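A.B. asks:
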Amino acid sequence: MNILLVYPTYPDTFWSFKYALKFISKKASLPPLGLLTVSAMLPAAWKRKLIDMNVEKLKDKDILWADYVFISGMSIQKESAKSVISRCASLGVPVIAGGPMFTAGHEEFEEVAYFVLNEAEITLPQFLDDLEKGQPKRVYTTDLWADITKTPVPDWDLLKMNKYASMNIQYSRGCPFDCEFCNITVLYGRRPRTKDKEQLLAELESLHARGWKGGIFLVDDNFIGNKAKLKNETLPAVTEWMKSRKYPFPLFSEVSINLADDEELMSMMARAGFDTVFVGIESPHEESLVECSKFQNKNRDLTACVQKIQQFGMEVQGGFIVGFDSDPASIFDRLVAFIQESGIVTAMVGLLNAPPGTKLYQRMLQENRLLRATTGDNTDFSINFIPKMDHDALLEGYRRIVKTIYSPKQHYARIKQFLKNYQPAQERVFHMQFSHLKAAVKSVYRLGIFGRERFYYWRLFFWSLFRKPRLLPLAITLSIYGHHFRRIFRQHELFLQ
Ligand code: SF4
179 MNILLVYPTY PDTFWSFKYA LKFISKKASL PPLGLLTVSA MLPAAWKRKL
229 IDMNVEKLKD KDILWADYVF ISGMSIQKES AKSVISRCAS LGVPVIAGGP
279 MFTAGHEEFE EVAYFVLNEA EITLPQFLDD LEKGQPKRVY TTDLWADITK
329 TPVPDWDLLK MNKYASMNIQ YSRGCPFDCE FCNITVLYGR RPRTKDKEQL
379 LAELESLHAR GWKGGIFLVD DNFIGNKAKL KNETLPAVTE WMKSRKYPFP
429 LFSEVSINLA DDEELMSMMA RAGFDTVFVG IESPHEESLV ECSKFQNKNR
479 DLTACVQKIQ QFGMEVQGGF IVGFDSDPAS IFDRLVAFIQ ESGIVTAMVG
529 LLNAPPGTKL YQRMLQENRL LRATTGDNTD FSINFIPKMD HDALLEGYRR
579 IVKTIYSPKQ HYARIKQFLK NYQPAQERVF HMQFSHLKAA VKSVYRLGIF
629 GRERFYYWRL FFWSLFRKPR LLPLAITLSI YGHHFRRIFR QHELFLQ
């Protein structure tokens, strides 16, 4: 059996880092972890090939080679996924689809032969069994949660690793919280399920053995969902593994803000090699946090929490949302002030949207406010429901936020604010690679000589060189991120005009 695994293209977005990747000559930020994991679950005798359309072209001859094409993706990849499915249908090759986008709504993909939905650890073996018997059903689904301690190590051998900026590993699924706009608990449940430490180490080892030298993103939606297991088993094991290999890669993940309440956990994460965490902060406005059930962010000094995590050695990237029913007209200025003060350099501000399956979607449906499906990109100036605030005022306020925070003046001021506060862990080792040197040279040329921000670039460069020399590579990386964010939002704005 020949199996082709296809990952559709995603558009240029905040998280695509397209314009930053050019500095390090990479094609994509992260590989398609879901497809690589599914591949590892297929019968060993089957031949497999992966085409990630974000790093290479899908050719007809690849499709014709296959007996089946497996496709996965998120809603942001819908357009590309639909065109791949049509191409396969016209070439007579059946498509098997799974992953978050198809699980959230498979009905609109009429040309797909089989759907293997929800968690593949449960539905894929059922499909493979029926396929062997010659009686496959069209749709496989389950409302059970898989035991992820049985999930195999992803099939890294299918990957052209040098095309990616980072690798990814999944340690846990599920989140104990229940934010109204979030579909994570719908897809993965509220009880965090974690892999065993042996599994996690095996995944780290498999990347190390293949010579991987970049960062590793633990793609869990909330890495600290089960703190006791992290402290007692997982982090001590990862720390020992990292130490014995001289910290070969920096780690980053996503966490909830209550990380700031646990100094022991923060220290342990920093010692294990974590240098960045993404936190969903959403809003500095308490009523908006209550409205979306983000209770873990309520009644706390969010700026102090962010700065505390940074002082424990982890850069905080933040997610923010405007468009809540409770948002006052002053929210835009308050959010800008909060982001600047807390020194969150990578601040993703999006418009509230209601993805299918979420409580917010249900509420919008009941209140007759739902307009359309989400685009999957909450930074593209689209909203899929009727907001309480005047629509034009909301868009104008949103535009003002992104224009302000990504202007060179504010962006570079935030980098400096962050670097002043940031205390990298002693264990942090920076492994200089040729691509870093290339990125530094390109940044001098593109930002320092020809960029409109050249004054801010050099000011930060020399400040960092003399005051925080160890953090100069980070200062350059964050300057490059700013260039990407400005390009993305300019692109969206031009599209709107
Ligand atoms: S904390 Fe994050 S992952 Fe968990 S439900 Fe809220 S938004 Fe979703």
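First residue of the sequence shown? That's 179 in the working numbering, and the numbers climb one at a time after it. Yeah, the Cβ is synthetic: ideal placement off N, Cα and C, and Gly gets one too. No experiment lies behind these values; they were computed from the predicted model shown.
Using the Cα positions of Val416 and Ala603, report the straight-line distance between them to the nearest angstrom.
C.D. replies: Within the sequence shown, residue 416 is the residue found at index 238, counting from 1. Within the sequence shown, residue 603 is the residue found at index 425, counting from 1. Near 15 Å, if we compare the C-alpha coordinates of Ala603 and Val416.
A.B. asks: Check whether the Cβ of Ile362 lies closer than 7 Å to any heavy atom of the ligand SF4, and answer yes or no.
C.D. replies: The residue labelled residue 362 in the question sits at position 184 within the sequence shown. Checking the Cβ of Ile362 against the ligand SF4 gives yes.
A.B. asks: Please state whether the Cβ-Cβ distance between Thr301 and Val290 is less than 8 Å.
C.D. replies: Position 123 of the sequence shown holds residue 301. Position 112 of the sequence shown holds residue 290. Not in contact: Thr301 and Val290 (Cβ atoms no closer than 8 Å).
A.B. asks: Could you tell me the alpha carbon to alpha carbon distance between His589 and Phe559, rounded to whole angstroms?
C.D. replies: Here the question's residue 589 lines up with position 411 in the sequence shown. Here the question's residue 559 lines up with position 381 in the sequence shown. If I take the Cα positions, the gap works out to 21 Å.
A.B. asks: Kindly identify the DSSP beta-bridge partner or partners of Ala206.
C.D. replies: On the sequence shown, position 28 is the one that residue 206 refers to. DSSP, once it has assigned bridges, lists Tyr342 as partnering Ala206.
A.B. asks: Have a look at the DSSP bridge pairing and note the partners of Ala275.
C.D. replies: Numbered from its first residue, the sequence shown carries residue 275 at position 97. Paired residue(s): Ile249 and Phe293.
A.B. asks: With a threshold of 7 Å (Cβ to nearest heavy atom), would Asp321 be considered close to the ligand SF4?
C.D. replies: Mapped onto the sequence shown, residue 321 falls at position 143. No; taking the cut-off as 7 Å, the Cβ of Asp321 has no heavy atom of the ligand SF4 nearer than that.
A.B. asks: Cα separation between Ile362 and Thr536?
C.D. replies: Locating residue 362 in the sequence shown gives position 184, where the first residue counts as 1. Locating residue 536 in the sequence shown gives position 358, where the first residue counts as 1. So the alpha carbons of these two residues sit roughly 9 Å apart.
A.B. asks: Classify Leu429 as buried or exposed, calling it buried when 16 or more other Cβ atoms lie within 10 Å of its own Cβ.
C.D. replies: Walking along the sequence shown from the start, residue 429 turns up at place 251. Counting Cβ neighbours within 10 Å, Leu429 comes out buried, since at least 16 surround it.
A.B. asks: Indicate the three-state DSSP secondary structure (helix, strand or coil) for Arg371 in the structure shown.
C.D. replies: On the sequence shown, residue 371 is found 193 positions in, with the first residue counted as 1. Three-state result, Arg371: strand.
A.B. asks: Terminal residues of the continuous alpha helix (DSSP H) containing Lys421?
C.D. replies: Position 243 of the sequence shown, counted from the first residue, corresponds to residue 421. Lys421 -> alpha helix (DSSP H) spans Leu413 to Ser422.
A.B. asks: Shorter than 7 Å, the distance from the beta carbon of Gly554 to the closest heavy atom of the ligand SF4, or not?
C.D. replies: The sequence position of residue 554 within the sequence shown is 376, counting from 1. No, the beta carbon of Gly554 sits no closer than 7 Å to any heavy atom of the ligand SF4.
A.B. asks: According to DSSP, what are the bridge partners of Ile394?
C.D. replies: Counting from one through the sequence shown, the residue named residue 394 turns up at place 216. Looking at the DSSP assignment, Ile394 forms a beta bridge with Met345 and Leu429.
A.B. asks: From the DSSP output, which residues share a beta bridge with Phe498?
C.D. replies: Stepping through the sequence shown from its first residue, residue 498 is reached at position 320. Its beta-bridge partners are Glu460 and Val527.
A.B. asks: Would a C-beta distance cut-off of 8 Å place Pro403 and Ser344 closer than the cut-off?
C.D. replies: Here residue 403 is taken as the residue at index 225 of the sequence shown, counted from 1. Here residue 344 is taken as the residue at index 166 of the sequence shown, counted from 1. Before going on, a small fix: residue 403 reads as Gly here, not Pro. Going by C-beta atoms, Gly403 is not nearer than 8 Å to Ser344.
A.B. asks: Could you tell me whether the Cβ atoms of Ile593 and Leu656 are closer together than 8 Å?
C.D. replies: For this step, residue 593 is matched to residue 415 along the sequence shown. For this step, residue 656 is matched to residue 478 along the sequence shown. Yes. Within cutoff.
A.B. asks: Can you name the residues that DSSP bridges to Lys566?
C.D. replies: Reading the sequence shown from its first residue, position 388 is the one you call residue 566. DSSP output for Lys566 lists no bridge partner at all.
A.B. asks: I want to check one thing, is the minimum distance from the CB of Ser434 to the heavy atoms of the ligand SF4 below 7 Å?
C.D. replies: Residue numbering aside, residue 434 sits at position 256 when the sequence shown is read from its first letter. Yes; taking the cut-off as 7 Å, the Cβ of Ser434 has a heavy atom of the ligand SF4 nearer than that.
A.B. asks: Determine the burial state of Met279: buried for a count of at least 16 other Cβ atoms within 10 Å of its Cβ, exposed for fewer.
C.D. replies: Residue 279 sits at position 101 when you count from the first residue of the sequence shown. Counting Cβ neighbours within 10 Å, Met279 comes out buried, since at least 16 surround it.
A.B. asks: Give me the Cα-Cα distance between Thr329 and Glu493, rounded to the nearest whole angstrom.
C.D. replies: As a working mapping, residue 329 is identified with position 151 in the sequence shown. As a working mapping, residue 493 is identified with position 315 in the sequence shown. About 30 Å.
A.B. asks: For Ile181 versus Phe248, is the C-beta distance shorter than 8 Å?
C.D. replies: For the purposes of this step, residue 181 is taken as residue 3 along the sequence shown, with counting starting at 1. For the purposes of this step, residue 248 is taken as residue 70 along the sequence shown, with counting starting at 1. Their beta carbons are under 8 Å apart, which means Ile181 touches Phe248 by this criterion.
A.B. asks: Within the chosen definition, does the stretch 502 to 519 reach the stretch 566 to 586 through at least 3 CB pairs nearer than 8 Å?
C.D. replies: With the cut-off at 8 Å, the stretch 502 to 519 and the stretch 566 to 586 touch.
A.B. asks: What's the call for Lys245, buried or exposed, on a 16-neighbour Cβ count within 10 Å?
C.D. replies: Counted from its first residue, the sequence shown places residue 245 at position 67. Reading off the sequence shown, one finds Asp at residue 245, where the question assumed Lys. Burial call: exposed.
A.B. asks: Who are the near neighbours of Ile517 in its chain, counting only those whose CB is closer than 6 Å to its CB and skipping five residues on each side?
C.D. replies: Taking the sequence shown and counting its residues from 1, the one referred to as residue 517 is at position 339. Around Ile517: Ala525 and Ile583.
A.B. asks: Inspect the beta-carbon positions of Asn436 and Gln474 and report whether they are closer than 8 Å.
C.D. replies: Looking up residue 436 in the sequence shown gives position 258. Looking up residue 474 in the sequence shown gives position 296. It is a contact, given that the beta carbons lie within the stated cut-off.
A.B. asks: Shorter than 7 Å, the distance from the beta carbon of Cys353 to the closest heavy atom of the ligand SF4, or not?
C.D. replies: As a first step, residue 353 is located in the sequence shown; it is residue number 175 there, counting from the start. Correct: Cys353 has its Cβ closer than 7 Å to the ligand SF4.
A.B. asks: DSSP three-state call for Asp399: helix, strand or coil?
C.D. replies: Mapped onto the sequence shown, residue 399 falls at position 221. Here Asp399 sits in coil by DSSP.
A.B. asks: Kindly confirm or deny that the stretch 654 to 670 and the stretch 192 to 209 touch, where touching means at least three C-beta pairs closer than 8 Å.
C.D. replies: In short, these stretches touch, since the Cβ pair count reaches three.
A.B. asks: Any heavy atom of the ligand SF4 closer than 7 Å to the Cβ of Gly496?
C.D. replies: To locate residue 496, count along the sequence shown from 1; it is residue 318. No, since every heavy atom of the ligand SF4 falls outside the 7 Å radius drawn around the Cβ of Gly496.
A.B. asks: I'd like to know whether the C-beta atoms of Ile274 and Glu299 end up nearer to each other than 8 Å.
C.D. replies: As a working mapping, residue 274 is identified with position 96 in the sequence shown. As a working mapping, residue 299 is identified with position 121 in the sequence shown. No; because the gap between Cβ atoms is not below 8 Å, this pair is not in contact.
A.B. asks: Just tell me which of Lys646, Ser261, Thr552 and Cys470 has its CA closest to the CA of Gly283.
C.D. replies: Taking the sequence shown and counting its residues from 1, the one referred to as residue 283 is at position 105. The option with the nearest alpha carbon to Gly283 is Thr552.
A.B. asks: State yes or no: is the C-beta of Gly458 nearer than 7 Å to some heavy atom of the ligand SF4?
C.D. replies: Along the sequence shown, one-based indexing puts residue 458 at 280. True, at least one ligand heavy atom lies under 7 Å from that Cβ.
A.B. asks: Using CA coordinates, which residue listed in Ala515, Gln304, Val433 and Met219 is at the minimum distance from Gln495?
C.D. replies: Taking the sequence shown and counting its residues from 1, the one referred to as residue 495 is at position 317. Nearest C-alpha to Gln495: Val433.
A.B. asks: Between the Cα of Glu418 and the Cα atoms of Asp307, Arg449 and Leu652, which residue gives the shortest distance?
C.D. replies: In the sequence shown, residue 418 corresponds to position 240, counting from 1. The option with the nearest alpha carbon to Glu418 is Arg449.
A.B. asks: Look at the alpha carbon of Tyr576 and the alpha carbon of Cys357, and state the distance between them as a whole number of angstroms.
C.D. replies: Against the sequence shown, residue 576 aligns to sequence position 398. Against the sequence shown, residue 357 aligns to sequence position 179. About 22 Å.
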